[in-house]
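Protein chains in written order, with my numbering: chain A, 191 to 452; chain B, 191 to 452; chain C, 191 to 452; chain D, 191 to 452.
All residues carry an ideal CB built from backbone N, CA and C; glycine is no exception.
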């Protein structure tokens with residue numbers, strides 16, 4: 191565990207990549223897609239620790255073949271208008287991979303993605319408005335690795351509003367709370383564990399704003415990747431266990447099940 | 191909110207009710223089914239506060255019609271050998287009802303039920319053994335309403351062993367930890383919130399042991415029902431919000447969406 | 191545990207009661223003191239379930255004699271300018287009583303009281319401003335008993351601002367987040383357990399505003415009293431335990447300590 | 191934030207160092223004191239990332255001068271028979287340093303140290319027994335950095351028993367639960383944040399057993415040091431804030447306080 195052995199973190203940045211092709215305003219902000227802007231930022235901020243690639247909805251298997259998932263340590267996810275086009279089979283594979291230990295960073299409208307809803311088990315609902323709100327994300331947990339290097343708040347001059355109540359399980363850790371001009375608040379950065387996987391949700395990033403060009407937003411995502419990386423790959427099982435300590439004799443041993451657990 | 195206005199808690203005790211019909215040992219312990227033993231205990235311990243009925247897998251709609259769910263405040267769930275026979279449509283309805291505010295008490299092997307897995311978003315896995323283990327459930331949160339009236343621990347002379355790691359999200363509150371003769375431990379009583387629904391998982395209750403006849407086990411389930419009852423019924427929605435405070439003028443207002451949120 | 195046996199909740203409302211005597215503006219808002227306004231509201235909202243009395247700083251033992259604490263189920267605490275005048279001996283007694291099971295509701299500037307700091311073990315710091323901010327408290331956990339009967343938010347036309355980061359341990363449950371006109375947010379309602387005692391912190395209530403006359407603020411405090419009530423009184427001890435299961439022989443038994451635990 | 195910039199973690203291992211001088215059995219197990227055994231293990235496991243020194247109770251200022259604390263990133267603490275001999279002034283300095291961002295690892299009987307009790311705000315009580323118990327620490331959160339590289343459980347052939355209820359605040363994360371031969375369980379590894387400081391409590395380590403020579407126990411402490419390291423040093427303050435957004439005019443501005451916050 192010396193520093194020389196520090197492992198490379200293999201990051202896959204997933205993007206829906208539809209708005210960018212349909213809406214000229216979005217295309218102008220993100221000519222190669224939001225995913226490419228995020229991937230470029232991570233490659234730069236990783237300082238040699240990150241190996242970054244991208245995948246998008248309209249590639250075969252949404253760019254998430256077994257080979258890609260097998261070699262991904264942390265996946266970031268942005269989706270919005272086409273959540274329903276993501277195949278259930280791919281969602282099931284991503285979910286299994288998260289439970290084995292792959293980190294997952296869910297961005298903005300990804301709160302309603304199939305994968306986030308499946309892992310949260312909750313409504314993931316919220317209130318919303320597209321207008322001229324300013325967003326200010328306050329750091330509520332300054333000592334968390336995801337807040338490393340940040341000022342007391344991040345200000346975004348224009349963003350979509352998301353408001354409480356946010357239908358999420360109690361976060362393990364709450365790192366950001368947002369203020370909006372129109373009078374609302376939102377739990378904008380939060381973490382959970384599922385199986386062996388670490389999950390971070392980060393709110394900002396509506397497609398019509400230059401949010402992913404913001405250096406502090408980029409820093410948070412990079413911090414999130416470092417935090418979410420566990421390096422684990424542990425398959426789910428429910429093993430029948432032999433006792434570790436002596437038990438009294440078992441007159442019914444012959445009838446006992448020893449295999450599967452329903 | 192005076193005590194005279196205290197609402198009746200309408201409880202539905204759901205049982206898979208298959209082991210009892212197939213295994214004479216189980217039938218002898220629970221001639222009318224485990225669900226009936228639990229329902230009788232709740233009716234008695236409710237002291238007039240509970241209105242209790244039962245529902246089972248092999249009834250139409252598994253006994254969980256819209257009318258039943260609409261008039262259920264807290265649902266208890268025991269299933270094991272036939273999790274796969276529970277219809278996805280009924281699971282979806284139960285899940286929606288929990289998110290609206292119905293309480294849910296998941297018992298023993300229900301950890302692998304479709305409904306618990308859907309609400310947890312986790313593997314819900316564990317290690318297990320059917321042998322001659324003694325179980326001792328230690329109260330770790332004596333001030334919790336679910337521990338009301340209990341001694342420091344509940345001892346069950348024979349039970350199936352469940353061991354860590356238990357693949358659950360971090361509980362909001364951890365109320366029991368079990369000790370087993372064979373050398374294992376388990377988080378045996380824990381709570382979570384999902385949407386407006388309160389969820390309590392309680393470990394003991396393997397079908398071949400008289401666990402549900404134990405007065406302390408019955409007391410825990412009754413306490414759980416009181417705790418899980420919210421009286422709420424709030425439909426999930428993600429409303430478009432008008433600002434509560436003045437915003438700067440919005441030159442793009444005409445292009446903004448005002449309806450559904452993906 | 192039938193509804194007829196529902197216990198009376200004995201509430202003591204503690205007030206510093208200095209601002210009211212020094213500042214005419216405060217005296218006009220609260221002629222008998224903030225504590226009396228709160229006590230009157232609780233007596234009314236308790237609907238016969240609450241027995242309410244008051245205690246203030248300048249009474250002997252600050253009004254918190256052993257006899258009073260022994261017969262208090264839930265204590266509410268408002269202090270500000272005179273935290274330093276509260277005797278350490280009284281704080282120690284209150285703390286011990288909370289750990290035994292007395293509920294504690296800490297209001298507004300009580301975040302810096304000796305008792306809250308002792309129970310949190312944290313800085314309890316925050317940012318602040320007295321100006322013309324509006325406060326809007328959003329309910330983030332609508333199914334919590336403390337949010338019972340509330341609309342989506344409580345709006346207070348003028349209040350002191352408290353801002354993040356708030357130096358508190360991760361709350362067990364986060365119930366309110368505040369929005370302020372000036373651009374800040376704050377975790378305004380949160381719960382913790384310490385020993386057998388339930389603790390609720392609720393932010394609003396600066397002395398120069400009529401906050402404690404607000405019916406929704408009163409409802410939250412009444413809900414908090416019901417939630418915090420455990421009825422427990424368990425003295426702290428660290429007992430030497432005899433084994434519950436057989437141990438191997440102990441050749442050193444004679445040398446083993448059997449009494450106190452450091 | 192490249193790997194080349196990885197900071198050295200300066201660790202101070204604090205030991206009470208009294209048992210080792212009084213009890214020949216302890217002296218034989220730990221000839222240079224438990225603190226030295228722990229320090230040697232950390233130096234080895236740090237792989238060049240840790241700079242380790244020790245400090246003990248009977249040194250001036252208990253070895254914890256301002257200069258030492260100013261240059262400590264993570265402090266480990268073992269005390270037992272002489273908690274009362276630790277000066278309140280030193281405890282206050284250590285507490286302030288933790289709140290600023292120093293990590294703290296509290297070992298075994300340190301659960302009753304002044305510093306742990308001050309930071310938890312709870313009773314920190316438990317049940318206990320010195321006998322011939324075996325302890326088995328089960329990993330309940332395999333993906334946590336503190337569990338990195340561990341098998342499913344750590345078995346210690348002989349240890350003092352600590353049992354539930356353990357009087358601690360709800361942990362942010364629960365990493366180990368112990369099983370004891372005599373029939374008890376215990377939350378043996380848990381984390382909390384206080385101010386900017388990360389705190390990890392780890393149960394095993396009674397002085398009459400060779401626990402700190404166990405390689406897995408050593409690995410957990412080393413993992414704990416890495417996890418607890420934040421690199422932060424942020425002084426506690428409660429600043430008066432100017433508004434970030436325009437407020438309505440304030441007719442009473444002249445009377446408003448602008449300095450200290452009580």
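Beta-bridge annotation (DSSP): residue 287 of chain B is not paired with any residue.
Excluding its 5 nearest sequence neighbours in each direction, residue 395 of chain A has C-beta neighbours in its own chain below 7 Å: 268, 297, 298, 401, 402, listed in chain order. DSSP places residue 413 of chain D within a helical segment (H, G or I) once states are collapsed to three.
Within chain B, 320, 321 have C-beta atoms less than 8 Å from the C-beta of residue 446 of chain A, given in sequence order.
Between residue 265 of chain D and residue 411 of chain D, the beta carbon gap of about 12 Å keeps them out of contact (Cβ cut-off 8 Å). If you check the CB distance, residue 367 of chain A and residue 375 of chain C come in under 8 Å. Beyond the five residues adjoining it in sequence on each side, residue 229 of chain C comes within less than 6 Å, by CB distance, of 203, 242, 244 in the same chain, given in chain order. Residues are counted here when their Cβ sits less than 8 Å from a Cβ of chain D; for the segment 369-396 of chain C these are 371, 372, 373, 374, 382, 383, 384, 385, given in chain order. Identification of residues in the segment 418-439 of chain C having a C-beta nearer than 8 Å to some C-beta of chain D yields 426, 427, 428, 429, 430, 431, 432, 433, 434, 435, 437, 438, 439, given in sequence order. Any Cβ of chain C closer than 8 Å to the Cβ of residue 330 of chain A would place that residue at the interface, and such an atom is present.
DSSP places residue 348 of chain D in the coil class of the three-state scheme, outside both helix and strand. For residue 325 of chain B, the uninterrupted beta strand (DSSP E) run begins and ends at 325-329, by DSSP.
By DSSP's assignment, residue 392 of chain B forms a beta bridge with B:297, B:379. The beta carbon of residue 209 of chain D lies closer than 6 Å to those of 216, 397 in the same chain, with the five residues before and after it left out. What residue 367 of chain C touches in chain A, judged by beta-carbon distance under 9 Å, is 354, 367, 375, 376, 377, going in chain order. DSSP places residue 265 of chain D in no alpha helix (DSSP H) but in the uninterrupted beta strand (DSSP E) bounded by 264-268.
Nearest CB-CB separation between residue 278 of chain A and chain B: not below the 8 Å threshold. Inclusion of residue 423 of chain B and residue 369 of chain B in the CB contact set at 8 Å is not warranted, their separation being larger than that value. Between the alpha carbons of residue 334 of chain C and residue 306 of chain D lies a gap of roughly 31 Å. Buried is the label assigned to residue 361 of chain A, since at least 16 other Cβ atoms lie within 10 Å of its Cβ. If the five residues before and after residue 223 of chain C are omitted, its C-beta is found closer than 6 Å to the C-beta atoms of 205, 207, 210, all from its own chain and listed in chain order. With fewer than 16 other Cβ atoms from the protein chains shown falling within 10 Å of its own Cβ, residue 238 of chain A counts as exposed. In the same chain as residue 425 of chain B, and ignoring 5 residues on each side of it, the C-beta atoms closer than 7 Å to its own belong to 290, in chain order. One thing to note: residue 355 of chain B has its Cβ no nearer than 8 Å to the Cβ of residue 319 of chain A. Judged by DSSP in its simplified three-state form, residue 370 of chain B adopts strand. For the segment 336-364 of chain A, the beta-carbon criterion of a distance under 8 Å to any beta-carbon of chain B is satisfied by 351, 353, 357, 359, 360, 362. Using a Cβ-Cβ cut-off of 8 Å, residue 310 of chain D counts as an interface residue toward chain C, since at least one Cβ of chain C sits closer than that to its own.
For secondary structure counted as the beta strand (DSSP E) over 3 or more consecutive residues, the segment 203-253 of chain D holds these complete runs in sequence order: 240-246. Judged by DSSP in its simplified three-state form, residue 199 of chain D adopts strand. Neighbours of residue 291 of chain D across chain A, judged by C-beta separation under 8 Å: 333.
Annotation for residue 310 of chain D: 358, 359 place their beta carbon closer than 7 Å to its own, counting only its chain and skipping 5 residues before and after. Taking CB atoms only, residue 315 of chain D has a neighbour in chain C less than 8 Å away.
Spanning the alpha carbons of residue 200 of chain D and residue 262 of chain D requires a straight line of approximately 5 Å. In the DSSP annotation of this structure, the continuous segment of the alpha helix (DSSP H) that includes residue 257 of chain D starts and ends at 256-260. The three-state reading of DSSP puts residue 274 of chain A in helix, counting H, G and I together.
By the 16-neighbour rule on beta-carbons within 10 angstroms, residue 428 of chain D is buried.
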